[in-house]
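Novice: This is the structure, below, for whatever I ask next.
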Amino acid sequence: MSDILLSVENLEAWYGDAKVLHGLSFELKQGEVLALIGSNGAGKSTLFKSICGLLQKKTGRIAFKNEVITTLVANAIVAKGIALVPEGRKLFPSLSVEENLILGGNVGRKGPWSLQSIYNLFPILKEKRNAPSTSLSGGQQQMVAIGRGLMSNPDLILLDELSLGLAPIVIKDIYDMLPKIIGNGLTAILVEQDVTRALASSQQFLCIQEGRISLEGAPHAFTKDQISAAYFGM
Ligand SMILES: Nc1ncnc2c1ncn2[C@@H]1O[C@H](COP(=O)(O)OP(=O)(O)O)[C@@H](O)[C@H]1O
Ligand SMILES: [Mg+2]
Numbered sequence: 062m063s064d065i066l067l068s069v070e071n072l073e074a075w076y077g078d079a080k081v082l083h084g085l086s087f088e089l090k091q092g093e094v095l096a097l098i099g100s101n102g103a104g105k106s107t108l109f110k111s112i113c114g115l116l117q118k119k120t121g122r123i124a125f126k127n128e129v130i131t132t133l134v135a136n137a138i139v140a141k142g143i144a145l146v147p148e149g150r151k152l153f154p155s156l157s158v159e160e161n162l163i164l165g166g167n168v169g170r171k172g173p174w175s176l177q178s179i180y181n182l183f184p185i186l187k188e189k190r191n192a193p194s195t196s197l198s199g200g201q202q203q204m205v206a207i208g209r210g211l212m213s214n215p216d217l218i219l220l221d222e223l224s225l226g227l228a229p230i231v232i233k234d235i236y237d238m239l240p241k242i243i244g245n246g247l248t249a250i251l252v253e254q255d256v257t258r259a260l261a262s263s264q265q266f267l268c269i270q271e272g273r274i275s276l277e278g279a280p281h282a283f284t285k286d287q288i289s290a291a292y293f294g295m
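Numbered by the numbering used here, the letters in the sequence shown go through residues 62 to 295 in order.
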């Protein structure tokens, strides 16, 4: 069996008439962590939404575990084993912490993650399990968003800007947790504004600029200047 978990071929995506992704192709191996970098508006979140079935106006081919998923809707894709931790967390504000987590597990996939293992990972969430999700701090809400994604026991997790709007100390706490989340062979794509942090946490990276891949490979194969040039489009 091939060890390619995700394969994206010539992906193009639109919002209305505005084309945002211009033919992206890449592969992700089982167990790999891929950093997806690129400046604001490059198309990182759009790529995630396209993979997860949250954006339907697209062409190209997306295959997961050798099965084409390009036209599946979001729920079906979660059931196949892809979880998104979206930019801005997007918790259900009227629900408690625990209800948000339980919703993440609704697809009924078996695996290591349960309410108990999420609470072991983030003990503060157990203390606050009955609190409305909106009453939590930004960092705690991010923990809920990560936990909700893990509750579906994904084979691939897409992490979109975990540190957005959080204080440096909280960001450090979340990144200290990351090996416990993706260290057990879970395949991940990590979008992070802090490029140094993203590259340090990954084996491969993909830099996109205005919806096109501008550089890709192993982080140590390039100089900082080469990566900056690909990032800023110099
Ligand atoms: N819902 C939307 N409707 C229209 N245009 C959008 C929408 N979301 C994003 N865009 C545009 O698509 C481009 C890529 O955005 P996005 O994928 O969010 O970038 P990134 O995540 O890399 O910052 C930007 O030009 C952005 O303005
Ligand atoms: Mg984004």
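Positions of the beta carbon are idealized from the N, C-alpha and C atoms, including for glycine.
Here the structure is a predicted model, which is why all the values come from computation and not from measurement.
(1) Regarding serine 111 and ligand 1, is the C-beta to nearest heavy atom distance less than 7 Å?
(2) Here's the rule: buried if 16 or more other CB atoms are within 10 angstroms of the residue's CB, otherwise exposed. What is aspartate 216?
(3) For arginine 190, which of Gln203, Gly121, Asn161 has the nearest alpha-carbon?
(4) By Cβ distance below 7 Å, which residues in the same chain neighbour leucine 239 in space, the five residues on each side in sequence not counted?
(5) Pick from Ala79, Ile65, Lys187, Arg122: whose alpha carbon is nearest that of glutamate 271?
(6) Could you check the C-alpha separation between glycine 121 and glutamate 188 for me, to the nearest Å?
(7) Is valine 146 near leucine 220, with beta carbons less than 8 Å apart?
(8) Going by Cα to Cα distance, which pick from Gly149, Asp255, Thr132 is closest to proline 229?
(9) In or out: phenylalanine 293 buried (at least 16 other Cβ within 10 Å) or exposed?
(10) Have a look at alanine 290 and leucine 108 and give me their C-alpha separation to the nearest angstrom.
Specialist: According to the structure shown:
(1) no
(2) buried
(3) Asn161
(4) Ser262
(5) Ala79
(6) 45 Å
(7) yes
(8) Asp255
(9) exposed
(10) 21 Å
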